[in-house]
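Just below is one structure, and these are the notes that go with it.
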Amino acid sequence: MSKVLVPLLAAALLAACATPARKPVAEAAPAPVAAAVVAPAAAPAIAADDNLNAVAWTQTAVEHDLVYRQAFHAAGEKLLKALKDRSWDALSREDRTNAFARLKPAVIVDIDETMLDNSPYQARLVRDGASYDEFTWAQWCREKTAKPMPGALEFAQLAAKHGVTVFYLSNRSQDLNEATVENLRAAGFPLASDEVFLGLGTVVPGCEQVGSEKGCRRQLVGREHRVLLQLGDQLGDFLDVLVNTPDGRRTAVAPYLDWVGERWFVLPNPTYGSWQPALFNNEWSRPAAERRQATLDALRYH
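All residue numbers for the sequence shown refer to my numbering, where the first residue is 7 and numbers rise by one.
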């Protein structure tokens, strides 16, 4: 190698070591990024609806219909028996205030969930995540499309056929009287006159009604009729409940247990009723969470 090239090559090598080449920052290779850990999507929370199963059973279970048909069939048989027995009367001792043996025969029935099926209204509440309120309830009643409960129409027609007046007692508000009577008639129920419908607010001379209790209206029927049977889905359809607690309700009906299935026929209603507020001291003003907890506390686990 020439003596000229050796010094030049050495100088070049020394310069390269002294000043290493750098890439511009913009061109620097990106640092490797760790793969993000993605948690599986949480399943959407579905709020439990405490009335879903009750309404579903009411509308779809054949057992529901069979229980109603069984009750009305048995009631029809007792009706014919009671007609022949002048000592037979279905009013409680508190409601029967006069002699009855020579009076005209009658039966007293509740309307909602006894003779008419309002489960479509309950189903709408479940679907909409709503609770009962007077406005939507009145809307439903004014549709006048409630159907007869299984066996109810046949029982009412049997009573009318044998000269037994059917009295319909309802705690629907007074502004719904006309719609309720029209619904009953459209469904085929016998109404001897408008007077056989006794709604909330019916004035009974000589009797002071307490709240929505039906005692005064039962007494009104009993003044001129021997009541052969009573049918309803609430204890208050048969007698006034003075203390609406579970124990108070059992105490009230205790003297009449032998009448159940004989003079009183109780229909099942798991969707609503006075049994509900009995579990939270009748305080509907309490927050929903508190009412629900009180109901849970009432359950038996052993």
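Note that CB positions come from ideal geometry on N, CA and C, so glycine has one too.
- Inter-residue distance for G82 and P156 is about 13 Å (C-alpha atoms, whole angstroms).
- The DSSP-derived three-state label of R232 is strand.
- Counting only the Cα atoms, V227 lies some 13 Å from G205.
- Comparing C-alpha distances from Q236 to each of F78, V73, A300 shows the shortest one belongs to F78.
- F173: member of the beta strand (DSSP E) spanning 171 to 175, first to last residue.
- For D253, the secondary structure class from DSSP, reduced to helix, strand or coil, is helix.
- Straight-line spacing of the CA atoms in V187 and Y307 works out to 44 Å.
- Around W290, the same chain offers P283, R297 as residues with beta carbons nearer than 8 Å, after the five sequence neighbours per side are excluded.
- Sequence-distant partners of A166 (beyond 5 residues in either direction) whose C-beta falls short of 6 Å from its own C-beta, in its chain, are P196.
- A direct Cα-to-Cα measurement between L245 and R108 gives close to 23 Å.
- In the DSSP assignment, P126 falls within the alpha helix (DSSP H) that extends over 125 to 134.
- Bridge partners of G238 according to DSSP: V272.
- A direct Cα-Cα distance of roughly 18 Å separates Q240 from D71.
- Inclusion of W281 and R255 in the CB contact set at 9 Å is warranted, their separation being smaller than that value.
- Each residue's CA atom was taken as its position, placing R130 and S199 some 33 Å apart.
- The Cβ atoms of V113 and V170 lie closer than 9 Å to each other.
- With a cutoff of 9 Å on beta-carbon distance, D123 and R178 are scored as not near each other.
- With 16 or more other Cβ atoms from the protein chains shown falling within 10 Å of its own Cβ, D116 counts as buried.
- In this structure, DSSP gives A294 a helical state, which the three-state scheme calls helix.
- Straight across, the Cα-Cα distance linking E184 with E201 is about 12 Å.
- Counting only runs of at least 4 residues, the region 66 to 129 fully encloses the following alpha helix (DSSP H) elements, listed from N- to C-terminal order: 68 to 89.
- According to DSSP, residue pairing for P154 in a beta bridge involves L122.
- If you draw a straight line from the Cα of R92 to the Cα of Y262, it is about 19 Å long.
- Here the alpha carbon of T277 sits roughly 16 Å from the alpha carbon of V73.
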